[in-house]
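Presented below is the structure to which this report refers.
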Amino acid sequence: MTYKDAMFKDNELSGKVIIVTGGGSGLGKAMTKYFLQLGAKVVITSRSLERLENTAKELIEETKGELFCVACDVRHYDQVENVIAKTLEKYSKIDGLVNNAAGNFISPTERLSANAFDTILDIVLKGTKNFTLACGKHWIKEKQKTSTILNIVTTYASTGSAYVVPSAAAKAGVLAMTRSLAVEWAKYGIRLNAIAPGPFPTKGAWDRLLPGELKDEFDIKKKVPLKRVGEHQELANLAAYLMTDFSAYINGEVITIDGGEWLQGAGEFNMLEKIPSEMWDMLEMMIKSKK
Ligand code: HXC
Ligand code: NAP
15 MTYKDAMFKD NELSGKVIIV TGGGSGLGKA MTKYFLQLGA KVVITSRSLE RLENTAKELI
75 EETKGELFCV ACDVRHYDQV ENVIAKTLEK YSKIDGLVNN AAGNFISPTE RLSANAFDTI
135 LDIVLKGTKN FTLACGKHWI KEKQKTSTIL NIVTTYASTG SAYVVPSAAA KAGVLAMTRS
195 LAVEWAKYGI RLNAIAPGPF PTKGAWDRLL PGELKDEFDI KKKVPLKRVG EHQELANLAA
255 YLMTDFSAYI NGEVITIDGG EWLQGAGEFN MLEKIPSEMW DMLEMMIKSK K
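Under my numbering, think of the first position of the sequence shown as 15, with each following residue one higher.
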């Protein structure tokens, strides 16, 4: 067994209906595939119906699962309400929501137009708010007792990051919303958690964050203590755990899955990794001689 393998083997999500925003590509697609393999009925949504339908065809063939596509721009509350209405029409209930859709690109902040900044805030923060509010209202009205929201953030939701400032601000807002509602909505049986992934190569992210030669110039693996990037299945494993009742006592938590990347950047003396092992005898002597 390795980190590339599926963690659960049986029907741990059988009977559950889960909405995954941005489920047609990248990490959303990986989570959708695994949820299907575990027996969930999954509703995927994003702006491009064509992309959703291509993904659905592929995943239904592969998993024999039940997958339903509804196009929606998460920035518009009426479109979000439509996804919920269509899901209820088809499956009569919703058990889980994964807020995964996002927009992002690198840029010096002073180069951004006001609209460019708003675009990222609107997709990430407002989009997550739209789905969270609409699902929450539904669950509270229906007195449904076990519902789960999983928000996909980033490690820089906590630390901040230069050159992706709208995304950092929006993801920090999503994290604050996760922790706040985890307390406020616990009485309704709604659990909220977040995953903060480090680098997991996807076309969507890499084209916008490491365009052209930047991919070669910044070997992202070198920033990670474990010297590798994430595998989609290991993120899907964690997401599936957080969507099942095995994690019923985890609420308001953000789980980082980044091979130690952000801590590598944060630790004051982590740069000492560069010191060759043969130099440590000499350094120890120098330090002891100062007594
Ligand atoms: C400066 C830019 C820009 C860029 C767009 N804009 N790209 N400004 N630099 N590279 C500006 C536009 O000029 C416009 O402003 C405004 O942003 C909106 O652009 P549109 O193209 O009209 O927006 P839209 O069609 O809604 O597309 C949204 C998008 C696009 C975010 C710009 O990239 C997209 O669809 N992204 C979805 C997928 C995605 O981003 N995936 C990556 C997620 S990775 P003006 O003023 O001209 O009107 C992630 C975290 C990864 O989130 C962490 C890794 C470790
Ligand atoms: P991705 O493939 O580009 O996924 C983004 C998805 O969001 C797309 O399916 C896109 O579909 C959808 N989307 C964008 N704008 C939308 C809108 N206005 N309304 C509805 N859907 C919209 O990138 P990814 O890497 O898989 O990212 C998935 C999540 O992981 C994001 O939350 C991202 O911030 C997070 N993350 C990724 C990494 C990484 O290394 N990959 C690291 C940390 C966090 P359409 O274009 O069809 O709308």
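For glycine and all other residues, C-beta sits at the position ideal for the given N, C-alpha and C.
In this structure, residue 116 has its CB closer than 8 Å to one or more heavy atoms of the ligand HXC. Residue 218 and residue 225 have their alpha carbons spaced roughly 11 Å apart. Looking only at 99, 183, 272, the smallest Cα-Cα distance to residue 82 is reached by 99.
Between residue 164 and residue 44, the gap from beta carbon to beta carbon reaches 9 Å or more. Proximity of the stretch 182–196 to the stretch 227–241 falls short of the contact definition, fewer than three beta-carbon pairs being nearer than 8 Å. Per DSSP, the unbroken beta strand (DSSP E) holding residue 161 starts and ends at 161–166. In terms of Cα proximity to residue 52, the closest of 257, 90, 274 is 257. Within 10 angstroms of the beta-carbon of residue 282 lie fewer than 16 other beta-carbons, which makes it exposed. Residue 205 and residue 305 have their C-alpha atoms roughly 55 Å apart. Taking all protein chains in view, the Cβ of residue 174 is surrounded by fewer than 16 other Cβ atoms within 10 Å, so the residue is classified as exposed. Taken through DSSP and simplified to helix, strand or coil, residue 55 comes out as strand. Pairing residue 39 with residue 69, the inter-Cα distance amounts to about 7 Å. For residue 214 against residue 50, the beta-carbon gap comes to about 19 Å, at or over 8 Å, which does not count as contact. Using a 10 angstroms sphere on the CB of residue 181, the tally of other CB atoms reaches 16 or more, which defines it as buried. Between the ligand NAP and residue 215, a heavy atom-to-CB distance of less than 8 Å is present.
Residue 87 is not a Cβ neighbour of residue 65, given a cutoff of 9 Å. Its Cα nearest to that of residue 59, the residue 142 stands out among 118, 296, 78, 142.
Boundaries for residue 187: no beta strand (DSSP E) harbours it, while the alpha helix (DSSP H) harbouring it runs 179–198, taken from the DSSP string.
Here the alpha carbons of residue 302 and residue 210 stand approximately 42 Å from one another.
Proximity of the stretch 149–157 to the stretch 121–135 falls short of the contact definition, fewer than three beta-carbon pairs being nearer than 8 Å.
Between the alpha carbons of residue 179 and residue 188 lies a gap of roughly 14 Å.
The alpha carbon of residue 26 has as its nearest neighbour, out of 54, 34, 36, the alpha carbon of 54.
About 6 Å separates the beta carbon of residue 30 from that of residue 110, a gap short enough to meet the 8 Å contact definition. Within 8 Å of the C-beta of residue 185 there is at least one heavy atom belonging to the ligand NAP. With 16 or more other Cβ atoms from the protein chains shown falling within 10 Å of its own Cβ, residue 273 counts as buried. The DSSP-derived three-state label of residue 206 is strand. Taking 4 residues as the shortest admissible run, the stretch 254–293 contains the following complete alpha helix (DSSP H) segments, listed from N- to C-terminal end: 275–280.
In the DSSP assignment, residue 82 falls within the unbroken beta strand (DSSP E) covering 80–85.
For residue 284 and residue 139, the gap between their C-alpha atoms comes out near 33 Å.
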